[in-house]
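Accompanying notes for the structure given below.
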Amino acid sequence: MPHIQLLSPRLANQIAAGEVVERPASVVKELVENALDAGASRVDIEVEQGGVKLIRVRDDGSGIDEADLPLALSRHATSKILTLDDLEAVGTLGFRGEALASISSVSRLALTSRTEAQEAAARVEVEGRDMDARISPAAHPVGTTVEVRDLFFNTPARRKFLRTEKTEFNHVEECIRRQALSRFDAGFTLRHNQRVVQSLRPAESEVDKERRIGSLCGQQFIDNAVIIDAEATGLRLWGWVALPTFSRSQADLQYFFVNGRVIRDKLVAHAVRQAYRDVLYNNRHPAFVLYLEVDPATVDVNVHPTKHEVRFRDGRLVHDFIFRTLHRALADVRPDDHLRGAVAQSFGREPEAAVANPAGNPAGMGASLPDQAPPVAGGYANRGGFGVGSASQPQQEWKASDQMAFYQSLNEGGGVASRPDNVSQPVAVTPPRDTDEEPPLGYAIAQLHGIYILAQSRAGLIVVDMHAAHERITYERMKHALAEQDLKSQPLLVPLSLAVSQKEAALAETHGEELQHLGLQIERIGPETLAVRQIPALLRGADTEQLVRDVLADLIEHGQSDRVEAVTHELLGTMACHGSVRANRQLTIPEMNSLLRDMEATERSGQCNHGRPTWTLVTLSELDKLFLRGR
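With full-length UniProt numbering applied, the sequence shown corresponds to residues 1 to 631, in that order.
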């Protein structure tokens with residue numbers, strides 16, 4: 001076996017470059033992060049041939065002292081941390097001291113910088129062959145410019161793995177998009193082959209921030225986004241989450257930042273998926289731009305060389321906070337939130353302007369859409385007239401044991417849910433005058449093929465899938481009723497014996513009380529054997545073994561499980577689906593209007609239990625285009 005030898009500095013840097021410098025976008029990321037850490041308010045990025053020929057990053061930050069220039073290109077040299085305590089509470093984007101050394105080992109690098117205390121700037125140059133730094137005087141304002149030329153010129157094997165110029169530049173552009181989303185207080189300019197691609201000024205006001213979001217993520221995203229801002233137990237989550245109707249076929253519009261650092265984290269991804277669980281259709285993905293602020297000492301960013309992964313000290317607390325915040329925000333979405341996005345897209349302008357003039361009338365005729373539906377709209381004596389009730393009304397006593405009876409009454413009643421002891425008849429509605437406020441979903445005017453309700457509003461024509469809408473209303477009512485009491489357990493006549501790993505057995509024993517709260521009584525009867533003695537009464541027809549194994553898998557990966565709740569809600573969703581008003585059921589105008597009012601008061605009413613939309617808006621502007629009006 002060969003003798004152990006110390007690696008040369010050049011080879012050590014090239015090995016490190018394999019982790020840090022994957023492609024031109026990796027170089028851009030490291031250099032822009034250094035600029036932001038230096039306090040830059042302006043960062044200019046210029047690339048040629050996708051970044052392979054040239055990457056130039058210029059900033060107006062604090063600069064580097066001339067005496068520190070050679071050291072800046074050495075491995076493990078940094079001004080950002082000094083002790084282990086600094087590392088455990090790092091607040092900067094960079095801290096490893098590897099980036100410049102790694103980049104310079106696989107390129108021709110020149111760094112020009114000047115501090116405010118210096119009268120003149122200095123320039124240091126390094127080529128990947130010998131790593132000898134050459135310093136010379138230069139002209140430069142306060143700040144730093146880094147030029148990286150001929151990336152991977154001395155490692156041709158690495159260069160062969162690069163993609164086309166367009167693909168590599170797309171990665172660079174995505175990198176700048178992330179940095180621009182992370183730092184609203186800094187301006188960014190991106191040029192490719194002498195062409196300006198992005199020019200972003202600092203965004204201080206909320207309007208400017210939304211303008212930047214719209215520029216980077218698309219105006220449709222911001223038109224269909226809900227703003228959130230929540231704080232609890234030392235955590236703050238704020239940003240924009242898209243309505244479920246603005247879902248994506250790919251997870252390509254998901255940005256999550258922790259203390260300004262963009263991350264990809266399984267814990268965060270699971271919390272977001274859980275919040276969107278019963279409002280997304282099939283395998284669609286939510287869109288969001290979210291910012292989590294935590295004490296730097298409670299999050300470990302020193303997990304991976306690319307710094308894309310983090311580890312939270314109390315992952316369960318963070319997961320629960322993210323889930324509950326997003327879950328509440330999505331539950332609070334009402335039809336008027338959907339209307340703003342729909343109207344804005346129809347007019348191709350800012351939501352506020354479109355909503356203020358929903359009819360598209362240049363003279364500004366017509367009242368604006370109200371921010372919230374009025375407490376009693378259109379003269380209704382009872383907003384629960386469709387038989388489902390309203391979120392604004394006190395819930396009638398309805399126990400989980402009554403669910404099956406309720407379910408049967410839905411079918412016997414032809415699909416319209418109503419409690420025998422609380423049958424209410426909606427009263428006729430007087431059409432609103434021009435000066436009256438109208439509810440977001442307007443007023444019913446007809447029924448189409450026994451499937452759709454057609455409603456008129458000042459914004460245009462609203463088409464409602466009456467089965468999907470009633471399904472969501474019924475489902476939310478059943479969930480609310482179930483939440484009023486704990487899940488009831490049902491003993492198994494013959495306990496189910498499961499062979500599991502020692503880790504799973506120990507986990508079930510440790511979390512016994514938590515599992516009991518979920519309606520599961522599980523006893524450890526051997527080193528690798530569990531006995532399931534009780535299960536939730538509602539799930540007596542479910543695959544008990546698979547359910548328990550899934551719950552244990554969740555506990556291992558996430559420290560908690562909502563599997564029982566998910567399966568329970570799936571069952572309630574099936575019951576609500578079969579119990580909702582069916583196609584070809586003829587409804588009266590008052591019944592249709594009562595359904596519209598219940599939709600306005602019900603959480604997540606924009607989607608049915610399977611994630612399908614329950615209604616859509618055809619604006620007057622769109623109708624005018626169909627009939628060529630105004631041409």
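Glycine included, each C-beta is placed from N, C-alpha and C at the ideal position. Computed from a predicted model, the values in this text were never measured in an experiment.
Would you mind working out which of R629, E174, L54 sits nearest K29, comparing C-alpha positions? As a working note, residue 29 is residue 29 in the sequence shown. Considering only alpha carbons, the answer is E174.
Name the two residues that bound the continuous beta strand (DSSP E) containing D465. As a working note, residue 465 is residue 465 in the sequence shown. Unbroken beta strand (DSSP E) run through D465: 460-465.
In three-state terms, what does DSSP make of D60? Here the question's residue 60 lines up with position 60 in the sequence shown. Note: D60 maps to coil in three-state DSSP.
Can you list, in chain order, the residues of its chain with a C-beta nearer than 8 Å to that of P536? Leave out the 5 residues immediately preceding and following it. Your numbering for residue 536 matches position 536 in the sequence shown. Only L487, K488, S489, Q490, L518, G519, L520, V564, T568 meet the Cβ criterion.
Residue environment, A122, which counts as buried when at least 16 other CB atoms sit within 10 Å: Here residue 122 refers to the residue found at position 122 when the sequence shown is read from its first residue. Per the 10 Å Cβ criterion, buried.
T619 to R597, Cα distance in whole Å? Sequence index remark: in the sequence shown, residue 619 carries index 619 (1-based). Sequence index remark: in the sequence shown, residue 597 carries index 597 (1-based). The alpha-carbon atoms of T619 and R597 are separated by roughly 20 Å.
Going by C-alpha distance, which of V551, L539, S501 is nearest D512? Position 512 of the sequence shown holds residue 512. In the sequence as presented, Asp is not what sits at residue 512; that position holds Gly. Measuring from the Cα of G512, the nearest candidate turns out to be V551.
Pull up the distance between the alpha-carbon of E545 and that of L498, whole angstroms please. Position 545 of the sequence shown, counted from the first residue, corresponds to residue 545. Position 498 of the sequence shown, counted from the first residue, corresponds to residue 498. Computed Cα separation, rounded: 7 Å.
Contact defined as beta carbons within less than 8 Å: I believe R58 pairs with T145. What is the distance between those atoms, to the nearest angstrom? In the sequence shown, residue 58 corresponds to position 58, counting from 1. In the sequence shown, residue 145 corresponds to position 145, counting from 1. Contact holds; Cβ gap of about 4 Å.
Measure the Cβ-Cβ separation of V27 and V148 and say whether it is below 8 Å. Residue mapping note: residue 27 aligns to position 27 of the sequence shown, counting from 1. Residue mapping note: residue 148 aligns to position 148 of the sequence shown, counting from 1. Yes, the pair counts as a contact, with Cβ atoms nearer than the cut-off.
Confirm, please, whether the CB-CB distance from I176 to L69 is below 8 Å. The residue labelled residue 69 in the question sits at position 69 within the sequence shown. The residue labelled residue 176 in the question sits at position 176 within the sequence shown. Not in contact: L69 and I176 (Cβ atoms no closer than 8 Å).
Going along the chain, which residues of its own chain have a beta-carbon closer than 7 Å to the beta-carbon of C577, five neighbours each way excluded? Indexing the sequence shown from 1 puts residue 577 at position 577. Cβ within range, chain order: E471, N609.
Beta carbon of S182 nearer than 8 Å to that of V262: Taking the first residue of the sequence shown as position 1, residue 182 is located at position 182. Taking the first residue of the sequence shown as position 1, residue 262 is located at position 262. In contact: S182 and V262 (Cβ atoms closer than 8 Å).
Residues that DSSP places opposite T164 in a beta bridge: Start at 1 with the first residue of the sequence shown, and residue 164 comes out as number 164. Beta-bridge pairing links T164 to no other residue.
R212: which of G526, P590, G239 sits nearest, CA to CA? What you label residue 212 is simply residue 212 of the sequence shown in a count that begins at 1. When each option's Cα is compared against that of R212, the closest is G239.
By alpha-carbon positions, which one of V279, R313, K266, L595 ends up nearest to Q607? Numbered from 1 along the sequence shown, position 607 holds the residue referred to as residue 607. Checked all of V279, R313, K266, L595; the closest Cα to Q607 is V279.
Proximal residues to G143 (C-beta, below 6 Å), its chain only, five neighbours per side dropped: Taking the sequence shown and counting its residues from 1, the one referred to as residue 143 is at position 143. Cβ within range, chain order: D59, D60, G61, G63.
Contacts around F627, its chain only, beta-carbon distance under 7 Å, and the 5 residues preceding and following it disregarded: Your numbering for residue 627 matches position 627 in the sequence shown. Excluding residues within five positions, none has a Cβ falling inside 7 Å.
For I222, does the three-state DSSP call read helix, strand or coil? Working through the sequence shown from its first residue, we reach residue 222 at position 222. Helix, per DSSP.
Host alpha helix (DSSP H) of V268 (start-end): Residue mapping note: residue 268 aligns to position 268 of the sequence shown, counting from 1. Residues 266-275.
C-beta atoms of I228 and A329 nearer than 8 Å: Here residue 228 is taken as the residue at index 228 of the sequence shown, counted from 1. Here residue 329 is taken as the residue at index 329 of the sequence shown, counted from 1. Yes; because the gap between Cβ atoms is below 8 Å, this pair is in contact.
CB of R316 within 8 Å of CB of V299, strictly: Your numbering for residue 316 matches position 316 in the sequence shown. Your numbering for residue 299 matches position 299 in the sequence shown. Going by C-beta atoms, R316 is not nearer than 8 Å to V299.
Whose C-beta lies closer than 8 Å to the C-beta of R284 among residues of the same chain, with five residues either side of it excluded? Locating residue 284 in the sequence shown gives position 284, counting from the first residue. Only S247, R248, S249, G611 meet the Cβ criterion.
Whose C-alpha, out of R75, V494, L507, is nearest the C-alpha of V532? Taking the first residue of the sequence shown as position 1, residue 532 is located at position 532. Considering only alpha carbons, the answer is V494.
Exposed or buried, V196, counting other C-beta atoms within 10 Å across all chains shown (16 or more means buried)? Numbered from its first residue, the sequence shown carries residue 196 at position 196. Flag for V196 reads exposed.
Under the three-state reduction of DSSP, which class applies to P141: helix, strand or coil? Looking up residue 141 in the sequence shown gives position 141. Three-state DSSP puts P141 in coil, outside helix and strand.
Minimum C-alpha distance to L623 - residue among V47, F153, G450, I462: To locate residue 623, count along the sequence shown from 1; it is residue 623. Of V47, F153, G450, I462, the residue nearest in Cα terms is I462.
Can you give me the C-alpha to C-alpha distance between R277 and R585, rounded to a whole angstrom? Walking along the sequence shown from the start, residue 277 turns up at place 277. Walking along the sequence shown from the start, residue 585 turns up at place 585. Cα to Cα, the separation comes out at about 30 Å.
Thinking C-alpha only, which one of V310, R75, V333, V241 is nearest A297? In the sequence shown, residue 297 corresponds to position 297, counting from 1. It is V310 whose Cα lies nearest to the Cα of A297.
On the three-state DSSP scale, how would you describe H517? For the purposes of this step, residue 517 is identified with residue 517 of the sequence shown, where counting begins at 1. Correct three-state label for H517: helix.
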